[in-house]
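J.:
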Amino acid sequence: MVNHSSRHALFLPVVLTVQFLVALDMSVVNIALPGIRTGLGFAPEDLTWVVSAYALAFGGLLMLGGRLADVVGRRRVLIAGFTLFGAASLAGGLASEPWQLIAARAVQGVGAAALAPVGLTLITVMYPAGKERSGALAMWGAAGALGGAVGVLLGGMLTDWFGWRAVMLVNVPVVLLAVSAARIAVPLDDRHGVRPRLDTAGAVLVTAGTTALVLGLVRAESLGWSSATTLLTLAAAALLLTAFAAVEARHRQPLLRLGMLRLRPVLSANMFSLLLAAGQFGAFYFVSLYLQQVLGYGPTATGAAFLPFCVGIVAGSVFAARTLTRYGVRALTVTGGLLAAGGMAWWALVMTPDSGFWLAVLPPSLLGSVGIGLCMVPLGTAATSGISAHEAGMASGLLNTSRQIGGSVGLALLVTVATAAGADGGGAGTPLMDGFPAAFWTAAALLAVGALSMAVLYRDPDAGPGAAGAAGAPGGAGAVGGARVPGRPVDAGGAPGVGTGRAAAGGAVLDGPDDSARPDPAAAP
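Residue numbers (the numbering used here): 277 to 801.
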C-alpha cells in the first residue's frame, strides 16, 4: 500500500513532467528535421507537416482538453494524455513512411492538449492561493522554459549521437515513469453533486475553429497572406468560432462559460498571455536563425546558447513566487512585460553579423527572460481568479489556448514583417535576415501593449494577510475560486488552518471522505 508521504513527494514532479514534455516536444523535433527528411524520404514541401501536425492538434484541442478534465476527471485525463503521448512517441520512432510520422505527431499533439490544461488545473486546485501555489506555479513556468531550451539542445545531441528516431523514442521511458507516479500521487476526483456534461456541439465547433485558425496562421507566411487558401481558412475559422460563441451563450453547461471573460483578471491574463507568447515565440525563432545561419552554430551549440534564457525565466519565476503577495499581479506583470520588451529592443538594436554572442545574444536573453519569468506566476494566478473548482480545467484550457494562438500569430506576423522589411531594405543578407530589426521591434511593441493591457485592465485587491490570498485571487487561500484544499481548512479571509472550510468566492468544496488521498500542499517548495 502506498503511504501518504509518497503521494506528497511525487505529486509536483508529475505535474512538472507534464509541462516539461509539452514544451520539449514543441522544439526537440525541429533540430532533427534534416535527418528525418533523409531517413524517411520526405518531399521538401511536406517536411513542415512534422511540426505543423503537432501544433494543429495541440492548438485545436486545448479547450476540449481543459473541459474534459472538469467533466471526466483530472486524473483520468492526465493518465490518458500521457498514454496517448507515449504511444504516439513510440509509433513515431518506429515510423517507416512519412505519413506514419505525421500521424504520430498529430496524436502526440492530442495527448499534449490533454496534458497541458490538466497540469495547471492540478496546481490551482490542489495548492492554496498564496506562497504555496505561487511556488508551484514558479516551478511550473520553469519546467516549461527548461523543456523548450532542453528540447533544442537534446534534439541536436540525440540526432548527432543516435539518429532522428531517438528524438521520438526518448519520450517513452519518461512517460512510463510519469504514468506510474501519477497513479500513486494524483487522487481520483471527488464526484459529489451533479457531474457536468460535455458540450459536444461546442467541442466540435471550437476544435474545428481553433484548428482552422492555427492552420491559417502557420501556412500564411509560405502561401501568402492574400492567397485564397489563407483567406478561406481564416474566414472559416472566424465563422466557426462565431458559431461556437453563439452556442456557448445558450448552453446550460458550456465548454467555455462566456461570462468568465467578463472577469477582469481572467480577461487581462489571457490577453497578456496571447501577446507575451506572440513576442516570445517569434523572437525565439529569429534568435535560432541568427545563431545557426549568421554565427554558424551547430544544433548542439544552439541549444546550449539558449540555456541562459532558461536560467533567466527560472530566476524571474522564483522572484515572482516569493514577492507576489507583496507586489501583486499588476506590478509584476507590467514590470515583466516591459523588461521583456526591453530585451526585444536590445536585439533589434545590436543583432548584426559582427555583434556575436556576448553582445547580441546573452544580455538581451537574460533581460527578456527575467521579464517573461516575472509574468508566469501572476498570469497563472490571475487566469484562475474567481473560478470555481469545477471550472478550473475550463480556465486552464482557455489560458493555454491563448498562449498557443498567440505563439502562432506571433511567428506568422514576425516572419512576414521581417521578410517585407528585408525586401525593402536592400541589405547585403537575405531578405529575412535583413528584416531582423523590424521583427524584434514588432515583438517589443507586442509586449509593451501586453504590459499596458495589464496596467489598464487589472486591479489588485488590497494586499495583506486578510486579502484574498495571492494578489488577484478572490478565492482566498483555498484552491481555485475558494475551493477548500483537503486537510487545509480555509476561512473567508484567506488564512489556512482555521475557519469553515469555504472561502468567499465560489464556495466549491473539494474534500472527500478520504483526505489522505490528496497530496499535502505544504510539501511544495
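Just so you know, even glycine gets a beta-carbon here, dropped at the ideal spot from N, CA and C.
Kindly indicate which three-state DSSP category Gly740 falls into: helix, strand or coil?
T.: In the sequence shown, residue 740 corresponds to position 464, counting from 1. At Gly740 the pLDDT is 40, less than 50, meaning the model places this residue with poor confidence and gives no usable figure here.
J.: Where does Tyr548 land, buried or exposed, given buried means 16+ other C-beta within 10 angstroms?
T.: Numbered from 1 along the sequence shown, position 272 holds the residue referred to as residue 548. It is Phe, not Tyr, that sits at residue 548 in the sequence shown. Buried, since its Cβ has 16 or more Cβ neighbours within 10 Å.
J.: Am I right that Ser328 and Val428 are in contact with their C-beta atoms under 8 Å? What's the rounded C-beta distance?
T.: By 1-based counting over the sequence shown, the position of residue 328 is 52. By 1-based counting over the sequence shown, the position of residue 428 is 152. About 18 Å separates the two Cβ atoms, so there is no contact after all.
J.: Taking the alpha-carbon positions, what's the Pro289 to Ala461 distance?
T.: For the purposes of this step, residue 289 is identified with residue 13 of the sequence shown, where counting begins at 1. For the purposes of this step, residue 461 is identified with residue 185 of the sequence shown, where counting begins at 1. When rounded, the distance between both Cα atoms is 9 Å.
J.: Can you check which of these residues, Ala688, Ile355 and Ala714, is closest to Ala699 by C-alpha distance?
T.: Translated into positions along the sequence shown, residue 699 becomes position 423. When only C-alpha atoms are compared, the closest one is Ala714.
J.: Candidates Gly644, Leu491, Leu499 and Gln529: which alpha carbon is nearest Ala333's?
T.: Indexing the sequence shown from 1 puts residue 333 at position 57. Out of Gly644, Leu491, Leu499 and Gln529, Leu491 has the C-alpha closest to the C-alpha of Ala333.
J.: For Gly647, which residues from the same chain have a beta carbon less than 6 Å from its beta carbon, with the 5 sequence-adjacent residues on both sides left out?
T.: Taking the first residue of the sequence shown as position 1, residue 647 is located at position 371. So the list reads Gly612, Leu615 and Ala616, once near-sequence residues are dropped.
J.: Taking the alpha helix (DSSP H) that Gln376 belongs to, which residues open and close that run?
T.: What you label residue 376 is simply residue 100 of the sequence shown in a count that begins at 1. Taken as a continuous stretch (DSSP letters only), the alpha helix (DSSP H) holding Gln376 covers Pro374 to Met402.
J.: How about Gly485 and Leu517: do their beta carbons lie closer than 8 Å?
T.: As a position in the sequence shown, residue 485 is number 209, starting the count at 1. As a position in the sequence shown, residue 517 is number 241, starting the count at 1. It is a contact, given that the beta carbons lie within the stated cut-off.
J.: Apart from the five residues on each side of it in sequence, which residues of its chain come closer than 6 Å, Cβ to Cβ, to Val294?
T.: On the sequence shown, position 18 is the one that residue 294 refers to. Here the set comprises Leu391 and Gly395.
J.: Using alpha carbons as the reference points, say which of Gly432, Ala659 and Ser502 lies closest to Leu309.
T.: As a working note, residue 309 is residue 33 in the sequence shown. Measuring from the Cα of Leu309, the nearest candidate turns out to be Gly432.
J.: Do you know how far the Cα of Leu550 is from the Cα of Asn676?
T.: Locating residue 676 in the sequence shown gives position 400, where the first residue counts as 1. Locating residue 550 in the sequence shown gives position 274, where the first residue counts as 1. Approximately 9 Å, taken between the alpha carbons.
J.: Buried or exposed, going by whether 16 or more other CB atoms sit within 10 Å of the CB of Gly535?
T.: Translated into positions along the sequence shown, residue 535 becomes position 259. With fewer than 16 other Cβ atoms within 10 Å, it is exposed.
J.: Excluding the 5 residues flanking Leu445 on each side, which residues of the same chain have their C-beta closer than 6 Å to its C-beta?
T.: Taking the sequence shown and counting its residues from 1, the one referred to as residue 445 is at position 169. Cβ neighbours of Leu445 beyond the five flanking positions: Gly369.
J.: Enumerated in chain order, which unbroken segments of the alpha helix (DSSP H) with a length of 4 residues or greater are wholly contained in the segment 674-728?
T.: For the segment 674-728, whole alpha helix (DSSP H) runs of length 4 or above, ordered along the chain, are 707-710.
J.: Do you know offhand how far Val401's Cα is from Leu464's?
T.: As a working mapping, residue 401 is identified with position 125 in the sequence shown. As a working mapping, residue 464 is identified with position 188 in the sequence shown. Rounded to the nearest angstrom, the two C-alpha atoms are 13 Å apart.
J.: Can you have a look at Gly572 and say buried or exposed, based on whether 16 or more other CB atoms are within 10 angstroms of its CB?
T.: Walking along the sequence shown from the start, residue 572 turns up at place 296. Exposed, by the Cβ-count rule.
J.: Leaving aside the five residues before and after Gly803 along the sequence, list all residues of the same chain whose C-beta is less than 6 Å from its C-beta, in chain order.
T.: The structure shown does not extend to residue 803, since the chain is modelled only from 277 through 801, so no value can be given for it.
J.: In whole angstroms, what separates the C-alpha of Leu360 from that of Trp325?
T.: One-based indexing of the sequence shown puts residue 360 at position 84. One-based indexing of the sequence shown puts residue 325 at position 49. Using only the alpha carbons, I get a separation of about 19 Å.
J.: Does the segment 617-628 come into contact with the segment 505-516, if we say contact requires no fewer than three beta-carbon pairs (one atom in each stretch) closer than 8 Å?
T.: The segment 617-628, when compared against the segment 505-516, does not touch it at the 8 Å Cβ threshold.
J.: Using the Cα positions of Cys651 and Ser729, report the straight-line distance between them to the nearest angstrom.
T.: In the sequence shown, residue 651 corresponds to position 375, counting from 1. In the sequence shown, residue 729 corresponds to position 453, counting from 1. Cα-Cα distance, rounded: 13 Å.
J.: Gln529 by DSSP, collapsed to three states: which one?
T.: Residue 529 sits at position 253 when you count from the first residue of the sequence shown. Residue state, collapsed to three classes: coil.
J.: Buried or exposed for Met277, please, with buried defined as at least 16 other CB atoms from any protein chain shown within 10 angstroms of its CB.
T.: Here the question's residue 277 lines up with position 1 in the sequence shown. For Met277, the pLDDT reaches just 42, beneath the cut-off of 50, and the residue's location in the model is therefore unreliable, leaving the point undetermined.
J.: Might you give, ordered along the chain, the residues of its own chain that have their beta carbon closer than 7 Å to the beta carbon of Ile399, omitting 5 neighbours on each side?
T.: In the sequence shown, the residue the question calls residue 399 occupies position 123. Answer for Ile399: Val291, Arg409, Ala412, Leu413 and Trp416, listed in chain order.
J.: Taking the alpha carbon of Ala514 as the point to measure from, which residue in Asp346, Leu489 and Thr314 has its own alpha carbon closest?
T.: Numbered from 1 along the sequence shown, position 238 holds the residue referred to as residue 514. Of the candidates Asp346, Leu489 and Thr314, the one whose C-alpha sits nearest the C-alpha of Ala514 is Leu489.
J.: Specify whether the segment 596-608 and the segment 633-647 touch according to this definition: at least 3 beta carbon pairs, one from each stretch, less than 8 Å apart.
T.: They do not touch, by the three-pair rule.
J.: Is there at least one non-hydrogen atom of the ligand PLP closer than 7 Å to the beta-carbon of Thr578?
T.: For the structure depicted, the ligand PLP is absent and the ligand set is empty, with no information on it obtainable.
J.: Let's see if you can read the secondary structure: which residues bound the alpha helix (DSSP H) around Asp346?
T.: If you number the sequence shown from 1, residue 346 lands on position 70. Run containing Asp346: Trp325 to Val347, per the alpha helix (DSSP H) assignment.
J.: Can the beta-carbon of Leu377 be found less than 8 Å from the beta-carbon of Ile312?
T.: For the purposes of this step, residue 377 is taken as the residue at position 101 of the sequence shown. For the purposes of this step, residue 312 is taken as the residue at position 36 of the sequence shown. Closer than 8 Å, so yes.
J.: Go ahead and label Ser498 buried or exposed: buried means 16 or more other beta carbons lie within 10 angstroms of its beta carbon, across all protein chains shown.
T.: One-based indexing of the sequence shown puts residue 498 at position 222. It is exposed - the Cβ of Ser498 has fewer than 16 other Cβ atoms within 10 Å.
J.: Tell me whether Met627 sits in a helix, a strand or coil according to DSSP, three-state version.
T.: Counted from its first residue, the sequence shown places residue 627 at position 351. Of the three classes helix, strand and coil, the one that applies to Met627 here is coil, per DSSP.
J.: Would Gly644 and Met620 qualify as a contact pair, given that the criterion is a beta-carbon distance under 8 Å?
T.: Against the sequence shown, residue 644 aligns to sequence position 368. Against the sequence shown, residue 620 aligns to sequence position 344. Yes, the Cβ-Cβ distance between Gly644 and Met620 is below 8 Å.
J.: Tell me which same chain residues have a C-beta within less than 6 Å of the C-beta of Gly618, skipping the five on either side of it?
T.: As a first step, residue 618 is located in the sequence shown; it is residue number 342 there, counting from the start. Cβ neighbours of Gly618 beyond the five flanking positions: Leu643.
J.: DSSP three-state label for Trp501, please.
T.: One-based indexing of the sequence shown puts residue 501 at position 225. If DSSP states are grouped into helix, strand and coil, Trp501 belongs with coil.
J.: What is the rounded straight-line gap between the Cα of Leu344 and the Cα of Trp622?
T.: Your numbering for residue 344 matches position 68 in the sequence shown. Your numbering for residue 622 matches position 346 in the sequence shown. Roughly 42 Å between the two C-alpha positions.
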